[in-house]
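In my numbering, the protein residues as written are 128 to 781.
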């Protein structure tokens, strides 16, 4: 059992006054909290923690706790207390309290001054904080994250050292790999049905999947991860693995659906599938929560250490989105020596919104131990072009030439291109958003007979069939609607503010509502033709965080229903029954992970020093667009993001 932080942050508010501006604690400490942008709850909790120690007015402890809370807000699992690392990581903020303050904290720590608050036995006493120096670094954790990180390290070691029986000889494995790339059995991609290339890195991954208990595969856009997934499963099935004992999972419902659709499309492209290939058509992905069977009443999972999942192979995609707590719970449900684990993703993408950069850290930990357990896909198979080169340059931190372009011209770029549009005033941004909406929703795109507005209008005329009890729209029109609705997306760095997803959604919705649903409630985000996203897992309805749906007025019922695409068709629910959702004409870059859009508009924050501007934000946004990307913002904001890399601290690699 993991204990929680002591104290109720809402009780005895007078005791927290010393940790608010204008009180008797040193001005430097107040300045530090302001500079770290600590929330009121953070400050109150710091007050509770200090009161749990020997000195209720310990400014030095307050300073270090402030740095720890700030590190946690940035996604780190811990705060490294080694002076050089601490000063390098917090160059400006440490100056606010002075190096002497940190040194005084360390002196008190070494003399046992904080033994009622900080566990120095690496997690044995279940105190609120843990100091762990087992890796040669002094790392300060909240107990919860130390607990899960240590468990995850043990799970990884157990998997890596598990005796996994290899059922096929080297010659048999070589023959299977050879067969996968033969003329009749090779996977073919694209409209021209081009056979996938026998890539040395992908061959290494297939061989490792057949011989190793744990494999991590990392690859950027266009490196063939989806075709590799199909070939990994085909090789496993051809060497005796029962497809019924293969589990596929991803962090979000949308990512799981894409995993299922990509596998089905790759298998369908095979000219001469054998029985093993055909048996894989029944394999489908689910969310990690669904795979582990989340139990809402108790807040835990059915499958775990006491009851491992019954599988021979578990494949998890988009692992960069998984935080340390969920990865611990996932691997806790794996029985070493019985279940192979294959983790796939892009280690250079944005890490999880929650704590940790698990894929990147695990890649270092596992790859450093044995190359047999870690494969990086280096060859790109998308046709080269400026958009792909942009992603590569961002990932490498190379300079990017920004040549401002008119927004109208940027909307009509050729495939594979990207453009930078210099931000104007608020009215200028509104005009750009209106042009984006007009271009993507009011005009037919190449190869389409109707625009989005036309299609929604036709659905409103065709959904009321008197002989149909449910009066749902025809499946053919719904699939066309999904194609339109999910083709483009506005990506933002922030959720709030004048460049945040919330405000952008309001602007786009206001214009479309007048055309699509003029009689609808102007104060509601629901209207005929609106696009929404589920924001919390709903296990009763099989809806998951990240699922995208389209709202339509139901002719028979008179209210709104939301339609969601599934690999087997469509599911629909009354809008009034869905409690956790938000408009999704614009979403944050974090929310876009696991999705791909033909066209994307990235809106950068007004402040060029915004803390969320990082290289990973730019890279992830650039790799969400498959056809064209428009970046709207200032050159200063773009440059800040390019130069600033996320540095989350953890002990996984120690």
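Just so you know, even glycine gets a beta-carbon here, dropped at the ideal spot from N, CA and C.
- The continuous alpha helix (DSSP H) containing residue 459 extends over residues 451 to 459.
- Non-local C-beta neighbours of residue 346 in its own chain, meaning closer than 6 angstroms and more than five positions away in sequence, comprise 352, 504, ordered along the chain.
- The C-beta separation of residue 638 from residue 561 comes to about 6 angstroms, placing the pair in contact by the 8 angstroms criterion.
- DSSP places residue 583 within a helical segment (H, G or I) once states are collapsed to three.
- Residue state for residue 521 is assigned as helix, using DSSP reduced to three classes.
- Comparing alpha carbon positions, the residue from 303, 701, 664, 712 closest to residue 679 is 701.
- Excluding residues up to 5 positions away in sequence, 630, 732, 733 lie with their Cβ nearer than 8 angstroms to the Cβ of residue 624 in the same chain.
- No residue range can be given for residue 532, since it is assigned to no beta strand (DSSP E) and is classified by DSSP as neither H nor E.
- Every alpha helix (DSSP H) of 4 residues or more that sits fully in the stretch 330 to 373 is shown, in chain order, as 352 to 365.
- Burial state of residue 539 is exposed, judged by a 10 Å Cβ sphere holding fewer than 16 other Cβ atoms.
- Under the 10 Å beta carbon count, residue 164 is surrounded by fewer than 16 other beta carbons and is classified as exposed.
- Per DSSP, residue 562 lies in no beta strand (DSSP E) segment; the continuous alpha helix (DSSP H) that holds it begins and ends at 553 to 564.
- Where residue 284 is concerned, the enclosing alpha helix (DSSP H) starts and stops at 270 to 288.
- Distances from the alpha-carbon of residue 708 to those of 723, 670, 736 put 670 closest.
- Counting every other CB atom within 10 Å of its CB across the protein chains shown gives residue 777 a total of 16 or more, marking it as buried.
- Residue nearest to residue 663 within the set 406, 501, 380 is 380 (criterion: CA-CA distance).
- Taking the CA atoms as reference points, residue 415 sits about 14 angstroms from residue 674.
- As computed with DSSP, residue 376 is found in a beta bridge with 413, 443.
- A direct Cα-Cα distance of roughly 26 angstroms separates residue 440 from residue 506.
- Note that the C-beta distance between residue 489 and residue 756 is not below 9 angstroms.
- A Cβ-Cβ distance of about 22 angstroms is found for the pair residue 393 and residue 447, leaving them out of contact under the 8 angstroms criterion.
- The alpha carbon of residue 229 has as its nearest neighbour, out of 363, 552, 210, the alpha carbon of 210.
- Ranking 524, 548, 528 by CA distance to the CA of residue 535 puts 548 first.
- Taking every protein chain shown into account, the CB of residue 721 has 16 or more other CB atoms within 10 angstroms, so this residue is buried.
- Under the three-state reduction of DSSP, residue 324 is assigned to coil, being neither helix nor strand.
- For residue 303, the uninterrupted alpha helix (DSSP H) run begins and ends at 297 to 307, by DSSP.
- Residue 571 places its beta carbon 9 angstroms or farther from that of residue 586.
- Residue 544 has 755 as its beta-bridge partners, per DSSP.
- Secondary structure at residue 234: helix, using DSSP grouped into helix, strand and coil.
- Boundaries of the alpha helix (DSSP H) harbouring residue 167: 167 to 178, taken from the DSSP string.
- Under the DSSP definition of a beta bridge, residue 246 partners with 257.
- Looking from the CA of residue 724, the closest CA among 737, 500, 289, 749 belongs to 749.
- Taking all protein chains in view, the Cβ of residue 203 is crowded by 16 or more other Cβ atoms within 10 Å, so the residue is classified as buried.
- Taken in chain order, the unbroken stretches of beta strand (DSSP E) that lie wholly in the stretch 609 to 640 and span 3 residues or more are 615 to 619.
- With a threshold of 16 other beta carbon atoms within 10 Å, residue 166 falls short and is exposed.
- By the beta-carbon neighbour count (other beta carbons within 10 angstroms, threshold 16), residue 743 is buried.
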